[in-house]
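Residue numbers (the working numbering), protein chains in the order written: chain A, 57 to 260; chain B, 57 to 260; chain C, 57 to 260; chain D, 57 to 260.
Down below is the structure, laid out as structure tokens.
4 protein chains.
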Amino acid sequence: MNRPRVQPEYIRRQQIMDAAFVVATEEGLINTTIAKIAKQAQLSTGIVSHHFGDKQGLIKACMREMLRILHIKVDAYRSKASASPQAQIKAIIDANFDDSQTTPQAMRLWLEFWSASLHTPELQRLQQINDRRLYSNLYFYFLQLLPQTQSQIAATALAALIDGLWLRGSLGGSKQSFDAEQARHIAYSYLEMQLHLYSAVQGD
Amino acid sequence: MNRPRVQPEYIRRQQIMDAAFVVATEEGLINTTIAKIAKQAQLSTGIVSHHFGDKQGLIKACMREMLRILHIKVDAYRSKASASPQAQIKAIIDANFDDSQTTPQAMRLWLEFWSASLHTPELQRLQQINDRRLYSNLYFYFLQLLPQTQSQIAATALAALIDGLWLRGSLGGSKQSFDAEQARHIAYSYLEMQLHLYSAVQGD
Amino acid sequence: MNRPRVQPEYIRRQQIMDAAFVVATEEGLINTTIAKIAKQAQLSTGIVSHHFGDKQGLIKACMREMLRILHIKVDAYRSKASASPQAQIKAIIDANFDDSQTTPQAMRLWLEFWSASLHTPELQRLQQINDRRLYSNLYFYFLQLLPQTQSQIAATALAALIDGLWLRGSLGGSKQSFDAEQARHIAYSYLEMQLHLYSAVQGD
Amino acid sequence: MNRPRVQPEYIRRQQIMDAAFVVATEEGLINTTIAKIAKQAQLSTGIVSHHFGDKQGLIKACMREMLRILHIKVDAYRSKASASPQAQIKAIIDANFDDSQTTPQAMRLWLEFWSASLHTPELQRLQQINDRRLYSNLYFYFLQLLPQTQSQIAATALAALIDGLWLRGSLGGSKQSFDAEQARHIAYSYLEMQLHLYSAVQGD
DNA sequence: TATGAATGAGTGTTCATTCAT
DNA sequence: TATGAATGAACACTCATTCAT
Numbered sequence: 057m058n059r060p061r062v063q064p065e066y067i068r069r070q071q072i073m074d075a076a077f078v079v080a081t082e083e084g085l086i087n088t089t090i091a092k093i094a095k096q097a098q099l100s101t102g103i104v105s106h107h108f109g110d111k112q113g114l115i116k117a118c119m120r121e122m123l124r125i126l127h128i129k130v131d132a133y134r135s136k137a138s139a140s141p142q143a144q145i146k147a148i149i150d151a152n153f154d155d156s157q158t159t160p161q162a163m164r165l166w167l168e169f170w171s172a173s174l175h176t177p178e179l180q181r182l183q184q185i186n187d188r189r190l191y192s193n194l195y196f197y198f199l200q201l202l203p204q205t206q207s208q209i210a211a212t213a214l215a216a217l218i219d220g221l222w223l224r225g226s227l228g229g230s231k232q233s234f235d236a237e238q239a240r241h242i243a244y245s246y247l248e249m250q251l252h253l254y255s256a257v258q259g260d
Numbered sequence: 057m058n059r060p061r062v063q064p065e066y067i068r069r070q071q072i073m074d075a076a077f078v079v080a081t082e083e084g085l086i087n088t089t090i091a092k093i094a095k096q097a098q099l100s101t102g103i104v105s106h107h108f109g110d111k112q113g114l115i116k117a118c119m120r121e122m123l124r125i126l127h128i129k130v131d132a133y134r135s136k137a138s139a140s141p142q143a144q145i146k147a148i149i150d151a152n153f154d155d156s157q158t159t160p161q162a163m164r165l166w167l168e169f170w171s172a173s174l175h176t177p178e179l180q181r182l183q184q185i186n187d188r189r190l191y192s193n194l195y196f197y198f199l200q201l202l203p204q205t206q207s208q209i210a211a212t213a214l215a216a217l218i219d220g221l222w223l224r225g226s227l228g229g230s231k232q233s234f235d236a237e238q239a240r241h242i243a244y245s246y247l248e249m250q251l252h253l254y255s256a257v258q259g260d
Numbered sequence: 057m058n059r060p061r062v063q064p065e066y067i068r069r070q071q072i073m074d075a076a077f078v079v080a081t082e083e084g085l086i087n088t089t090i091a092k093i094a095k096q097a098q099l100s101t102g103i104v105s106h107h108f109g110d111k112q113g114l115i116k117a118c119m120r121e122m123l124r125i126l127h128i129k130v131d132a133y134r135s136k137a138s139a140s141p142q143a144q145i146k147a148i149i150d151a152n153f154d155d156s157q158t159t160p161q162a163m164r165l166w167l168e169f170w171s172a173s174l175h176t177p178e179l180q181r182l183q184q185i186n187d188r189r190l191y192s193n194l195y196f197y198f199l200q201l202l203p204q205t206q207s208q209i210a211a212t213a214l215a216a217l218i219d220g221l222w223l224r225g226s227l228g229g230s231k232q233s234f235d236a237e238q239a240r241h242i243a244y245s246y247l248e249m250q251l252h253l254y255s256a257v258q259g260d
Numbered sequence: 057m058n059r060p061r062v063q064p065e066y067i068r069r070q071q072i073m074d075a076a077f078v079v080a081t082e083e084g085l086i087n088t089t090i091a092k093i094a095k096q097a098q099l100s101t102g103i104v105s106h107h108f109g110d111k112q113g114l115i116k117a118c119m120r121e122m123l124r125i126l127h128i129k130v131d132a133y134r135s136k137a138s139a140s141p142q143a144q145i146k147a148i149i150d151a152n153f154d155d156s157q158t159t160p161q162a163m164r165l166w167l168e169f170w171s172a173s174l175h176t177p178e179l180q181r182l183q184q185i186n187d188r189r190l191y192s193n194l195y196f197y198f199l200q201l202l203p204q205t206q207s208q209i210a211a212t213a214l215a216a217l218i219d220g221l222w223l224r225g226s227l228g229g230s231k232q233s234f235d236a237e238q239a240r241h242i243a244y245s246y247l248e249m250q251l252h253l254y255s256a257v258q259g260d
């Protein structure tokens with residue numbers, strides 16, 4: 057009956073979070089019960105409270121994990137790109153539309169957690185931090201290209217464009233796959249329009 | 057005690073939906089129980105199944121109602137505007153950022169239902185119809201201003217921009233109010249940039 | 057499956073409390089689960105929250121019910137007795153050792169609830185009110201027979217004697233029945249000793 | 057990390073029981089879990105079954121320990137007192153109302169274990185042995201002062217008085233401290249009344 | 001001796017739904 | 001039409017116990 061398998065703490069945590077990701081992707085976070093997670097992980101129901109305190113603790117850890125991976129992805133794209141502001145902004149766009157983030161599963165998962173954050177202050181806090189980070193990053197580089205007021209607007213707009221493209225893409229349903237190429241193109245265009253417009257004005 | 061007052065069907069339905077809106081706004085759709093709705097409406101718990109079949113039927117009716125009101129709003133703005141494509145597109149933007157749609161309560165409600173649609177195919181269908189309508193409307197007018205390919209992109213981008221601005225605004229929390237003025241300005245700018253860019257190219 | 061039997065509210069409540077009394081007597085309050093109560097009452101588990109809010113609400117109602125019955129018993133004995141202080145004190149003693157209160161089942165039940173009150177402020181409050189009432193009643197009549205200081209002591213002692221006899225009797229286990237006759241005799245003796253002693257002192 | 061320090065069996069047992077006493081006093085026996093005890097003792101959860109078989113074994117050992125200490129206390133008082141029956145009875149009273157037994161913590165602990173004994177035959181047995189011991193001791197000395205029948209009654213009554221005073225005192229709550237002085241005075245008085253009454257009858 | 005990860009039966013509670021009135 | 005008592009499956013969570021290390 058009882059078989060205490062010895063696994064390093066972090067392995068077990070990852071294993072349980074992975075199970076939670078699978079269940080949440082398949083059934084929606086609202087239908088994700090501890091019993092289902094435990095079954096998916098081939099462990100007992102008590103395991104969640106053992107490692108995460110309670111269900112909420114697990115959900116929070118999962119969201120942190122997703123954000124962590126996104127940030128790693130952003131960092132990777134940015135370090136590969138040249139240091140110019142434009143290249144950095146494009147790197148941010150690329151990271152947000154990277155294949156790892158735009159599979160139907162990944163998008164579903166993001167939406168589930170994003171949606172959950174509406175009712176959960178703790179998750180909302182994580183979400184807001186992430187949102188501000190996207191804005192701040194964009195704003196930082198726009199400042200090197202545009203005046204302050206226009207930078208604020210451009211950063212706000214580009215962040216909204218990224219989220220909006222992604223949001224609308226995800227609503228298409230699992231059948232219709234997200235057109236990441238088009239999304240990237242649209243975001244790039246916005247960037248270029250802003251810069252072109254500004255240099256045109258400057259040029260006068 | 058409570059002598060059943062005879063009410064026309066549609067009055068009762070509206071009364072119950074209004075109660076559902078109140079509860080969903082205050083407590084979140086996830087915490088909206090039939091008991092709470094019934095209490096808010098000063099009716100019994102049985103009333104919901106009586107008029108809507110089950111809870112799901114009520115939720116669906118509520119979402120339809122919200123979409124209906126949005127469409128009325130869009131139509132109102134469009135009929136007040138001049139017939140020019142630009143004016144019509146701006147009317148659509150205006151309707152989406154109308155005061156009635158950007159109060160914290162209204163935005164909360166939209167998000168709740170949008171979030172619910174993730175797990176509920178029936179709601180998702182309604183949501184998708186609405187999404188496509190926004191795109192189609194924009195595409196229709198862009199076609200009168202731009203070539204086809206660019207129209208597709210412009211409509212996709214503007215729709216995403218509207219949703220994204222609105223989405224990011226709503227995440228700010230109930231304290232920080234949505235800056236509808238800025239949102240409208242950004243959307244207008246995008247429209248003008250597209251047109252300006254095209255006429256510049258044309259002008260060459 | 058669902059069979060809403062129509063019963064007046066107070067009948068159902070009584071029925072559920074009776075079931076709780078049976079289970080608590082047989083298995084101890086600590087082992088009294090909602091499932092067992094529901095089974096005993098031949099009702100579903102949801103019934104408790106329906107009528108009492110939660111388990112705690114049911115337990116509280118049960119304790120109130122027990123106290124109510126004891127008070128009725130005390131009142132009955134006192135109204136049958138003559139108005140003299142001695143007779144009234146004896147009536148209180150009689151009520152506390154009445155057959156209805158000294159069956160093994162009744163005593164077990166009292167002890168269970170008394171014990172539960174240790175961990176439950178709300179029950180403790182009820183218990184304390186009951187304790188003070190016993191003391192106050194005794195003190196009131198002793199004052200008509202003895203000086204104030206001695207009345208305080210006599211009331212404290214007689215209340216303790218009653219509770220102590222009853223407590224020790226109950227610990228004898230369910231096999232050995234409580235000797236109510238002896239308990240009453242001991243309590244009576246204490247009363248008489250107090251009065252005799254005082255009149256002896258007075259007589260000097 | 058925690059290198060297992062080798063400890064003699066009896067030290068470990070005492071250490072664990074002490075932890076159990078602390079937790080039971082602070083949170084009530086009902087809320088005393090093995091995890092809490094282990095944490096208090098700075099040991100692992102497995103330690104309890106290791107040394108006491110199971111939780112029940114620990115509880116039993118704890119109760120035995122409490123009774124043991126009470127008996128030591130009684131013996132100490134009795135050996136300090138003169139050999140006269142009266143002095144010995146007073147010594148028993150003194151021991152039961154000794155400071156060590158009447159602190160709020162000690163009384164809380166006694167009540168917790170006493171209450172637990174209701175649902176646990178094994179604990180009840182220990183409790184009954186203790187009860188009979190109190191009665192037997194009192195009876196033994198009363199027999200040297202009074203006739204048999206009266207001795208039985210006096211011993212029963214005095215035991216009940218001691219337990220009752222203590223019981224009612226403990227219910228006062230943690231704020232209101234137990235008046236040990238008054239309790240002792242009342243118990244002494246009872247003893248003296250009995251003897252005085254008897255000698256008065258004898259004197260006739 | 002001692003650890004603590006893992007178990008899983010058991011608990012109180014919630015709540016959409018049913019249906020006799 | 002309307003009521004609300006009753007249902008019972010589903011849920012998160014607790015915790016004594018086990019056992020490989």
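For each residue, glycine too, the CB sits at the ideal point set by N, CA and C.
Within-8 Å CB hit, residue i to chain D
{"i": "C/Met57", "result": "Because the pLDDT at C/Met57 is just 45, under 50, the model does not fix this residue reliably, and the point stays unresolved."}
{"i": "C/Asp154", "result": "no"}
{"i": "C/Arg224", "result": "yes"}
{"i": "C/Gln157", "result": "no"}
{"i": "C/Leu251", "result": "no"}
Buried or exposed (CB count within 10 angstroms, at least 16 for buried), residue i
{"i": "C/Gln183", "result": "buried"}
{"i": "D/Glu65", "result": "exposed"}
{"i": "A/Phe77", "result": "buried"}
{"i": "D/Lys136", "result": "exposed"}
{"i": "A/Arg124", "result": "exposed"}
Neighbour flag for residue i against chain B, beta carbons, 8 Å
{"i": "A/Ile115", "result": "no"}
{"i": "A/Asn193", "result": "no"}
{"i": "A/Ala91", "result": "no"}
{"i": "A/Ile103", "result": "no"}
CA-to-CA distance, residue j to residue i, given in whole angstroms
{"i": "B/Leu51", "j": "B/Arg240", "result": "With chain B represented from 57 up to 260, any question about residue 51 of chain B goes unanswered, as that position is not in the structure."}
{"i": "D/Trp222", "j": "D/Ser207", "result": "22 Å"}
{"i": "D/Ala143", "j": "D/Thr205", "result": "21 Å"}
{"i": "A/Leu201", "j": "A/Ile218", "result": "20 Å"}
{"i": "A/Thr88", "j": "B/Gly109", "result": "26 Å"}
{"i": "B/Ala91", "j": "B/Lys111", "result": "11 Å"}
{"i": "B/Gln170", "j": "A/Ser245", "result": "Per the sequence shown, residue 170 of chain B should be read as Trp rather than Gln. Rounded to whole angstroms, B/Trp170 to A/Ser245 spans 28 Å at the Cα level."}
{"i": "D/Ala243", "j": "D/Ile145", "result": "10 Å"}
{"i": "B/Gly102", "j": "D/Ala117", "result": "56 Å"}
{"i": "D/Ser233", "j": "D/His252", "result": "32 Å"}
{"i": "D/Leu114", "j": "D/Met73", "result": "7 Å"}
{"i": "B/Phe198", "j": "B/Ser192", "result": "10 Å"}
{"i": "B/Gln70", "j": "B/Ala210", "result": "38 Å"}
{"i": "D/Val79", "j": "D/Ser105", "result": "18 Å"}
Presumed contact (8 Å Cβ cut-off) between residue i and residue j, rounded CB distance
{"i": "D/Ala75", "j": "D/Ile86", "result": "That belief does not hold up - the Cβ atoms of D/Ala75 and D/Ile86 are roughly 17 Å apart, past 8 Å."}
{"i": "A/Thr81", "j": "A/Gln161", "result": "5 Å"}
{"i": "B/Thr158", "j": "B/Ala216", "result": "The pair is not a contact, with the Cβ atoms about 18 Å apart (cut-off 8 Å)."}
{"i": "C/Gly228", "j": "D/Gly220", "result": "Wrong, their Cβ atoms sit about 16 Å apart, outside the cutoff."}
{"i": "D/Leu174", "j": "C/Leu167", "result": "6 Å"}
As assigned by DSSP and simplified to three states, the class of residue i
{"i": "D/Phe153", "result": "coil"}
{"i": "C/Lys137", "result": "Here residue 137 of chain C is Ala; the residue named in the question, Lys, does not match the sequence. In this structure, C/Ala137 counts as coil in the three-state DSSP scheme."}
{"i": "D/Pro160", "result": "helix"}
Heavy atom of the ligand ATP within 7 Å of residue i beta-carbon
{"i": "A/Asp155", "result": "This structure lacks the ligand ATP; in fact it carries no ligand of any kind."}
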